[in-house]
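*Asks:* Pasting a structure below so you can have a look.
Protein chains in written order, with my numbering: chain A, 53 to 166; chain B, 4 to 114.
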């Protein structure tokens, strides 16, 4: 069975400093991994995805994530936080067997301080 | 524009009423999903459908029903059997592999 752990429920950074949001996953098969962002009362927007190609994945808005199979991790990073990055971030794992099933982590709320 | 549309944005339900949330996509995706989101929690899967005329229960299907008569549409009915329906509901669609695309959500409140 798949599962996702997001190690921090809330992360607070100052504007212009690096962002690190941590994610560990469990999967019986070769998974696809995603990061989504949700602003208040909005739907989810895809930031980036890993689907067994390059282990370092670049996404939108300067975010990137590195897939580390040995550590079962897929941490999200950004070199310099912007005020507009304040939102909820979800790490998601998916397996394709009899159809695709997405499993969401509990989310990490990112606050950006001026 | 291709996308996934949920309506209405806000919905109010009286005790004992059934209400239906609409979800339509024009992305030609085979799979569609309904999730429930409660404050401070992640998304929990209610129902999903991989093809037309077929759907499967997710983790919290009790008190909900769905239909998939057309590829583009996957409506969710919140029945009176759902004792705590106040939540934010998100619909998504995807190809058989690849990322999911989400609608903008429906906020349901019991009054």
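Ideal Cβ placement from N, Cα and C applies to all residues, glycine included.
Small disclaimer: the values here were computed from a predicted structure and weren't measured.
1) Pick out whichever of 57(A), 65(A), 53(A) has its Cα sitting closest to the Cα of residue 42(A).
2) What number of angstroms, rounded off, separates the C-alpha of residue 36(B) from the C-alpha of residue 122(A)?
3) Taking the alpha-carbon positions, what's the residue 115(A) to residue 11(B) distance?
4) Could you tell me if residue 54(B) is buried or exposed, where buried requires 16 or more neighbouring beta carbons within 10 angstroms of its beta carbon?
5) If we cut at 8 Å on Cβ distances, does residue 28(B) have a partner in chain A?
6) Would you list the residues sitting across from residue 35(B) in a DSSP beta bridge?
7) Using the beta-carbon count (16 or more within 10 Å), is residue 112(A) buried or exposed?
8) Determine the chain B residues that contact residue 98(A) at a beta-carbon separation under 7 Å, and present them in chain order.
9) Between the region 75 to 94 of chain B and chain A, which residues of the former have CB atoms less than 8 Å from a CB of the latter, in chain order?
10) Looking at the strands, I want to know which residues DSSP matches up with residue 57(B).
11) Assess, as a yes-or-no matter, whether the region 14 to 28 of chain B is touched by the region 141 to 156 of chain A under the definition of 3 or more beta carbon pairs within less than 8 Å.
12) DSSP state of residue 21(B), grouped into three classes?
13) Ignore the nearest five residues each way along the sequence and tell me which others in residue 72(B)'s own chain have a CB closer than 8 Å to its CB.
14) Kindly indicate if chain A contains any beta-carbon less than 8 Å away from that of residue 58(B).
*Replies:* According to the structure shown:
1) This structure does not reach residue 42(A), given that chain A is present from 53 up to 166, and the question cannot be answered.
2) Here the C-alpha atom of residue 36(B) lies approximately 31 Å from the C-alpha atom of residue 122(A).
3) Approximately 32 Å between the Cα atoms of the pair.
4) Under this definition residue 54(B) is an exposed residue.
5) With 8 Å as the cut-off, residue 28(B) does not count as an interface residue toward chain A.
6) Assignment of beta-bridge partners to residue 35(B) by DSSP yields 52(B), 96(B).
7) With a threshold of 16 other beta carbon atoms within 10 Å, residue 112(A) falls short and is exposed.
8) 102, listed in chain order.
9) Listed by position along the chain: 91, 93.
10) According to DSSP, residue 57(B) bridges with 54(B).
11) No, the region 141 to 156 of chain A is not in contact with the region 14 to 28 of chain B.
12) Coil, per DSSP.
13) Within the same chain, and ignoring the five residues on either side of residue 72(B) in sequence, the residues whose Cβ sits closer than 8 Å to its Cβ are 55, 56.
14) False, the Cβ-Cβ gap to chain A never drops below 8 Å.
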